[in-house]
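Novice: Pasting a structure here, questions to come.
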Amino acid sequence: MTERELTHLEVPCFVDFSEALSGRELMAQGVGPDFDLWLLALEGERDDREKVAPGLPSFAKSLADVPQTYEVLRFSSPDAPPECVRLPPNRRNFHFVQPLPEGELLLVGGRCGYLDKDAHERNAVVYSRDGCVTRELTLGDGIQDVQATADGRLWVSYFDEGVLGNRGWGRGDIDSEPIGRSGLVLFDARGQRLSEYDARAVGTDVIVDCYALNVASNDEMWLYFYTDFPLVRLRTGGRPAVWKTPVTGASALAVGATHVLFGGSYSARSTFELFVLHGGREEALTPAGTFVFVDPDGTRWQPTWMCGRGPWLYGGEGTRAFRIDLDTLIASTRVWH
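Take the sequence shown: its letter number 191 is residue 191 in full-length UniProt numbering, and every next letter is one higher.
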């Protein structure tokens, strides 16, 4: 598809957090169940990095003897200053941040080592609203994304190392079976496993790598995964729904009652594809538009991260973030440039 065949849509900057991050290093972004933006910042800057896995942020190599000081920032609207919570020094590397009920905060590290059958690394920490540690959890290795529900449950998706095993997990015995073996696990707020993805019951292939997760509400969540890249909807008390998709390698999705928006793909990382949802099981998606987003200066957004929650899709590059909802996007489909 040529540039002339794309819809160019102006999407303003939701927030520029360069001032709020002054003297800090951005470690993670997350979108909460209230569709607010959460950032995890580290005091100072570090140059010692390693690549963890596709889809995960870069993080410093283990500095076990050097406690790190984190701060969590919440942006609820473009004009409001961020709410900030400073956390006590911690020796862990965190890659995900989510709010929990009663003002608690969840920080999660993407990697987790297997020690023995009675001891695993604790790769998640829950803090109170005043920054005190209330509990530590083990959510498994190879975490791709974490999204909390408004009632405090935790949907955790995994990439291939979390599914197949690494860092001591997956040695062939039952004790070291990867926590993320199904590709998607639901935990309660204390880290107890409630359920996991059942590919046979849903009617899909198994999850090898969960590329995109969207926890739309307490009772509805969506996922999209390698290798066939189906779109799957799970609802409490309802039957799963599955759609075949023509999109491969998207990293985020936004969903509504009638449409789904995919952010990025293998072939076009900064392109967004809108489809109409039909029916239930194994139905095809009807194309409704392909977009590039530009800021008010006409500069094309080329996000380095994206996240979908319900009908909202967030993305950002550098210290600027945007967001767009499906209603706005659908209304623009008749305006082609």
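Glycine included, every Cβ here is placed at the ideal spot set by N, Cα and C.
Check this for me: beta carbons of Phe293 and Trp301, under 7 Å apart or not?
Specialist: In the sequence shown, the residue the question calls residue 293 occupies position 293. In the sequence shown, the residue the question calls residue 301 occupies position 301. Their beta carbons are under 7 Å apart, which means Phe293 touches Trp301 by this criterion.
Novice: So for Ile174, helix, strand or coil by DSSP?
Specialist: Here residue 174 refers to the residue found at position 174 of the sequence shown. Three-state result, Ile174: helix.
Novice: Apart from the five residues just before and just after Asp118, which ones in its own chain have a Cβ nearer than 8 Å to its Cβ?
Specialist: Reading the sequence shown from its first residue, position 118 is the one you call residue 118. So no residue of the chain qualifies.
Novice: Quick one, are the C-beta atoms of Val97 and Trp38 less than 7 Å apart?
Specialist: Reading the sequence shown from its first residue, position 97 is the one you call residue 97. Reading the sequence shown from its first residue, position 38 is the one you call residue 38. Result yes, Cβ atoms of Val97 and Trp38 sit closer than 7 Å.
Novice: Quick one: complete beta strand (DSSP E) runs, 3+ long, within the region 106-162?
Specialist: Whole beta strand (DSSP E) segments, 3+ residues: 114-116, 124-127, 133-137, 143-148, 154-158.
Novice: Please go through the same chain and pick out, in chain order, the residues whose beta-carbon is closer than 6 Å to the beta-carbon of Glu196, but skip the five residues on each side of it.
Specialist: Indexing the sequence shown from 1 puts residue 196 at position 196. For Glu196, where only same-chain residues beyond five positions count, the Cβ hits under 6 Å are Ser182, Val185.
Novice: List the whole-angstrom C-beta distance separating Ile179 from Gly140, where the pair is believed to meet the contact cut-off of C-beta under 8 Å.
Specialist: Residue numbering aside, residue 179 sits at position 179 when the sequence shown is read from its first letter. Residue numbering aside, residue 140 sits at position 140 when the sequence shown is read from its first letter. Right, their Cβ atoms sit about 3 Å apart.
Novice: Rounded to the nearest angstrom, what separates Thr149 and Ser157 at their Cα positions?
Specialist: The count along the sequence shown starts at 1 and reaches residue 149 at position 149. The count along the sequence shown starts at 1 and reaches residue 157 at position 157. Going by the C-alpha atoms only, they are around 14 Å apart.
Novice: Start and end of the beta strand (DSSP E) containing Ala212?
Specialist: Residue mapping note: residue 212 aligns to position 212 of the sequence shown, counting from 1. Unbroken beta strand (DSSP E) run through Ala212: 209-217.
Novice: Per DSSP, Gly308 forms a beta bridge with which residues?
Specialist: Your numbering for residue 308 matches position 308 in the sequence shown. In the DSSP output, where bridge partners are listed per residue, Gly308 has Leu313.
Novice: Note down the Cα distance separating Arg233 from Gly30, rounded to an integer number of angstroms.
Specialist: For the purposes of this step, residue 233 is identified with residue 233 of the sequence shown, where counting begins at 1. For the purposes of this step, residue 30 is identified with residue 30 of the sequence shown, where counting begins at 1. Their backbone Cα atoms lie some 21 Å apart in a straight line.
Novice: Which one of Tyr211, Ser251, Arg309, Gln192 has the shortest CA to CA distance from residue 373?
Specialist: Residue numbering for the chain in the displayed model covers 1 to 337; residue 373 lies beyond these limits and cannot be assessed.
Novice: What separation, rounded to the nearest whole angstrom, lies between the Cα atoms of His8 and Asp175?
Specialist: Position 8 of the sequence shown, counted from the first residue, corresponds to residue 8. Position 175 of the sequence shown, counted from the first residue, corresponds to residue 175. Taking the straight line from one Cα to the other gives about 52 Å.
Novice: Arg239 to Ala257, Cα distance in whole Å?
Specialist: In the sequence shown, residue 239 corresponds to position 239, counting from 1. In the sequence shown, residue 257 corresponds to position 257, counting from 1. Approximately 16 Å, taken between the alpha carbons.
Novice: Would you call the CB atoms of Phe291 and Phe262 closer than 7 Å?
Specialist: For the purposes of this step, residue 291 is taken as residue 291 along the sequence shown, with counting starting at 1. For the purposes of this step, residue 262 is taken as residue 262 along the sequence shown, with counting starting at 1. No, Cβ-Cβ distance for Phe291 and Phe262 is not below 7 Å.
Novice: Closest by CA to Pro33, which one among Glu25, Ser76, Glu19, Glu71?
Specialist: For the purposes of this step, residue 33 is identified with residue 33 of the sequence shown, where counting begins at 1. Comparing Cα-Cα distances from Pro33 to each of Glu25, Ser76, Glu19, Glu71, the minimum goes to Ser76.
Novice: By a C-beta neighbour count over all protein chains shown, 10 Å radius and 16 as the cutoff for buried, is Lys61 buried or exposed?
Specialist: Locating residue 61 in the sequence shown gives position 61, counting from the first residue. With a pLDDT of 42 at Lys61, under the threshold of 50, the modelled position of this residue cannot be trusted; read the value that follows with caution. With fewer than 16 Cβ atoms within 10 Å of its Cβ, Lys61 is classed as exposed.
Novice: With C-beta atoms as the reference, is Leu213 less than 7 Å away from Asp145?
Specialist: By one-based count along the sequence shown, residue 213 stands at place 213. By one-based count along the sequence shown, residue 145 stands at place 145. Yes; because the gap between Cβ atoms is below 7 Å, this pair is in contact.
Novice: Between the C-alpha atoms of Tyr114 and Asp173, what's the straight-line distance to the nearest angstrom?
Specialist: By 1-based counting over the sequence shown, the position of residue 114 is 114. By 1-based counting over the sequence shown, the position of residue 173 is 173. Cα to Cα, Tyr114 sits roughly 12 Å from Asp173.
Novice: So, with DSSP's three-state summary, where would you put Ile330?
Specialist: The residue given as residue 330 occupies position 330 in the sequence shown. Correct three-state label for Ile330: helix.
Novice: Beta-carbon separation of His259 and Ile330 under 7 Å?
Specialist: One-based indexing of the sequence shown puts residue 259 at position 259. One-based indexing of the sequence shown puts residue 330 at position 330. In contact: His259 and Ile330 (Cβ atoms closer than 7 Å).
Novice: Determine the burial state of Val66: buried for a count of at least 16 other Cβ atoms within 10 Å of its Cβ, exposed for fewer.
Specialist: Against the sequence shown, residue 66 aligns to sequence position 66. By the 10 Å Cβ count, Val66 comes out exposed.
Novice: In angstroms, rounded to a whole number, what distance separates the CA positions of Asp228 and Thr328?
Specialist: Indexing the sequence shown from 1 puts residue 228 at position 228. Indexing the sequence shown from 1 puts residue 328 at position 328. Near 30 Å, if we compare the C-alpha coordinates of Thr328 and Asp228.
Novice: In or out: Asp205 buried (at least 16 other Cβ within 10 Å) or exposed?
Specialist: Translated into positions along the sequence shown, residue 205 becomes position 205. Burial call: exposed.
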